[in-house]
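Right, one structure below, let's go through it.
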């Protein structure tokens, strides 16, 4: 079961007038994995998610849930969706609000109460039950939204920028919950433009820009694909003679950073230093950060600026 | 099922609000204050007018009766001096009556600093003519008492309507018609606006997307509309109960102090004479004569509920659509909602003419055209509307609200998730004709 596919998106297209918001995107998500949907603002992430949640209907293409074509009536209750721009009814009480959203997801009264209590305790929100939503801080309402999203135990959890507005402590609490849910078998789509979070959390990613998919794969694989063969070697003693057969990017007294143009180059550099009886302290390859990769990929497009700004 | 959950929330969140309780209690009071208060205030606020009469003919001296609003006094001073005093604001008006021939038509002058108003003028006219008439009767040698007896009104008419020969009660009909039309007008505006602001709130505070990931936009929209409708019905039910209790307590009291017909006539005449505050006058007439016959209040109530729901559903859908188009700013809301409130206000205008002439072409058209029919037809119903017109009106209204709901759903579905840019009418038009 681990390797079976929960959600499969095939050649999905959606446009508003002449603007192609999502232009022929396909991907598969395995059960129990955390899937990163990345892209700059306006890349089409939200539109894509709205189609997956059944809010929008695609112009063409197919969405399969558990191998069956997506059907609003049958599948919406299996999905928990926390949109990027999210709000709550300000006049409702916290407990009331959680129960209301839980019931809209098809939970019956008693089960809803039981689960609401469980989650509220779990995230240390017990004392808020009778508070009005309007009295909550931004971080608190964020936690409330998270609870409302996961309360019906969705098979597919879709989180659009779940950490925005959270302080580091609460962000960590939510992150732990996400990991735990994934371990228990929930499939999670995690949409963001914050790359450092993706590297930490996601198993698999796709990058979209201007409605198109730019890359697809595991974080490790993507990094390998985009590596530039840059290595750093550090020594104990001052380097007497720098190697002249390699492109050195950075010369320091006790270390060098170089670009290997051939596969045996790192070994040659090490051999060169060892031959000088200079003890090697460390040797490592620099893999590009996802951020670097993405800036490289979308950097030329006009939307790159807001992307870098984040 | 999910729609029921939404209805429940929309209903409870409104009924529990303090403002609901307050408006429910306050509206009937305001209504009564509005009806009686205006005519009462009109009478009360007129300050006493001092009118000096210089009568050289002698016919009127000490015969003009002063009232609450006009105080007559008599003077023999020279007219020039009186005029000077008038313009110095010692009194309000000066009537100059020279010696005159009773057998010829006369025109006398009233000098005043400001316009006296029709009420004072009419009253003076009536009194003066009565005095002159009495004088002429006396000169002609007719016995005054015999004349009075002879000129009593002997004939009145009852309007028998339709084959069933029902006795029409025009006064009561127009009160009931006006009141229920006015209530519908208020409800459609108030509850329609309530639906609109609530949709706007859901959109601008971004809960809409969360809800819509669980239910269809149409369910959310209908849940809200139905929930608010139930709030309206609750309010009406409370009022009906209120009136019923009031009636049970008040009726025996009223029948105990059964007025004699003469007194009743006097009251109603007085009310009628109170200028054009006709509505309060009509109420006074009905209360005085004590007839609630001629209008089937129960069927009126039934129709009221139908036209309330029909009209409300028709407009609430449109208001919901408008709410979904609004972005942050209240200004677009104003602009769009004006388009919708216009026909409601228009219905109100047609209604006032329909009360005067329930079978005029405009009234008939207005009571069939679905945008105006709830209010206009409601005003006509107490006057007994031909069944054929009622049926057409009902069918048109149902078709009308089904149509507006479908159109509104198309706009709402897209509008509720459109953020950022201003939405133009052209785009809305496109959404309407797009297939789902």
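Residue numbers (my numbering), protein chains in the order written: chain A, 67 to 376; chain B, 817 to 1252. C-beta atoms are modelled at their ideal positions from N, C-alpha and C, and glycine is treated no differently. Since we're looking at a predicted model, the values are computed, not measured.
Buried/exposed call for residue i, threshold 16 Cβ in 10 Å
i                       : result
residue 917 of chain B  : exposed
residue 1012 of chain B : buried
residue 870 of chain B  : buried
residue 1089 of chain B : Caution applies to residue 1089 of chain B, whose pLDDT of 47 falls short of 50 and renders its modelled position unreliable; the value that the coordinates give is listed next. When all chains shown are included, residue 1089 of chain B counts as exposed.
residue 186 of chain A  : buried
residue 1245 of chain B : exposed
residue 1202 of chain B : exposed
residue 1019 of chain B : buried
residue 929 of chain B  : exposed
residue 864 of chain B  : exposed
residue 297 of chain A  : buried
residue 1118 of chain B : exposed
residue 1065 of chain B : exposed
DSSP beta-bridge partners of residue i
i                      : result
residue 283 of chain A : A:271
residue 887 of chain B : B:866
residue 871 of chain B : B:913
residue 925 of chain B : B:912
residue 300 of chain A : A:321, A:348
residue 75 of chain A  : A:93, A:129
residue 146 of chain A : A:223
residue 104 of chain A : A:258, A:273
residue 378 of chain A : Since the first residue of chain A shown is 67 and the last is 376, residue 378 of chain A is not available in this structure.
residue 278 of chain A : A:275
residue 198 of chain A : A:159
Simplified DSSP state of residue i, which is helix, strand or coil
i                       : result
residue 135 of chain A  : strand
residue 920 of chain B  : coil
residue 836 of chain B  : helix
residue 973 of chain B  : coil
residue 308 of chain A  : coil
residue 365 of chain A  : coil
residue 257 of chain A  : strand
residue 902 of chain B  : helix
residue 81 of chain A   : strand
residue 87 of chain A   : strand
residue 157 of chain A  : coil
residue 191 of chain A  : coil
residue 168 of chain A  : helix
residue 936 of chain B  : helix
residue 1112 of chain B : coil
residue 109 of chain A  : coil
residue 173 of chain A  : coil
residue 1235 of chain B : coil
residue 234 of chain A  : helix
Within chain B, the residues that residue i reaches when beta carbons sit closer than 7 Å
i                      : result
residue 153 of chain A : 1021, 1022, 1023
residue 149 of chain A : 1025, 1026
residue 217 of chain A : Under the 7 Å cutoff, chain B gives no residues; its nearest Cβ is about 11 Å from residue 217 of chain A.
residue 252 of chain A : Residues of chain B passing the Cβ test: none, with the nearest at roughly 16 Å.
Cross-chain neighbours of residue i in chain A, by beta carbon under 7 Å
i                      : result
residue 865 of chain B : Chain A residues near residue 865 of chain B: none, gap ~55 Å exceeds 7 Å.
residue 834 of chain B : Per Cβ cutoff of 7 Å: no residues; residue 834 of chain B is ~12 Å from chain A at best.
residue 825 of chain B : 166
Near the ligand ZN: residue i beta-carbon under 7 Å from a heavy atom
i                       : result
residue 1207 of chain B : Inclusion of the ligand ZN in the displayed structure is not the case, the ligand content being empty and no account of it being possible.
Neighbour list for residue i in chain B, Cβ cutoff strictly below 8 Å
i                      : result
residue 119 of chain A : 1029
residue 354 of chain A : Near residue 354 of chain A there are no residues of chain B at all, since even the closest Cβ is about 34 Å away, more than 8 Å.
residue 138 of chain A : 1032
residue 145 of chain A : 1029
Proximal residues of chain A, C-beta to C-beta of residue i below 9 Å
i                      : result
residue 829 of chain B : 155, 157, 158
Interface flag, residue i vs chain E, CB-CB below 8 Å
i                      : result
residue 818 of chain B : The chain labelled as chain E is not found among the protein chains of the depicted structure, namely A and B.
Proximal chain A residues relative to residue i, where beta-carbon distance stays under 8 Å
i                      : result
residue 821 of chain B : 166, 169, 170
* Do the segment 1227 to 1240 of chain B and the segment 1136 to 1155 of chain B touch if we need at least three Cβ pairs shorter than 8 Å? -> yes
* Check whether the segment 251 to 271 of chain A touches the segment 103 to 116 of chain A, taking contact to mean three or more Cβ pairs, one atom from each stretch, closer than 8 Å. => yes
* Asked: Is there contact between the segment 300 to 317 of chain A and the segment 333 to 353 of chain A, where contact requires at least three CB pairs shorter than 8 Å?
  -> yes
* Count the CB pairs spanning the segment 317 to 332 of chain A and the segment 230 to 240 of chain A that are closer than 8 Å, and state whether there are at least three. => no
* Just checking, does the segment 183 to 197 of chain A make contact with the segment 220 to 227 of chain A on the three C-beta pairs under 8 Å criterion? -> no
* Taking three-plus beta-carbon pairs below 8 Å as touching, is the segment 1186 to 1206 of chain B in contact with the segment 991 to 1005 of chain B? -> yes
* Asked: Between the segment 1024 to 1043 of chain B and the segment 164 to 180 of chain A, are three or more C-beta pairs nearer than 8 Å?
  -> yes
* Asked: Would you call the segment 993 to 1011 of chain B and the segment 347 to 363 of chain A touching, i.e. three or more CB-CB distances under 8 Å?
  -> no
* Asked: Three or more C-beta pairs closer than 8 Å, one from the segment 174 to 186 of chain A and one from the segment 209 to 219 of chain A: is that the case here?
  -> yes
* Count the C-beta pairs between the segment 873 to 881 of chain B and the segment 899 to 908 of chain B that are closer than 8 Å, then say yes if the count reaches three, no if not. => no
* Validate contact between the segment 74 to 90 of chain A and the segment 125 to 133 of chain A using beta carbons, cut 8 Å, 3 pairs -> yes
* To do: State whether the segment 1164 to 1181 of chain B contacts the segment 1039 to 1053 of chain B, with contact taken as three or more CB pairs (one from each stretch) at a distance under 8 Å.
  => no
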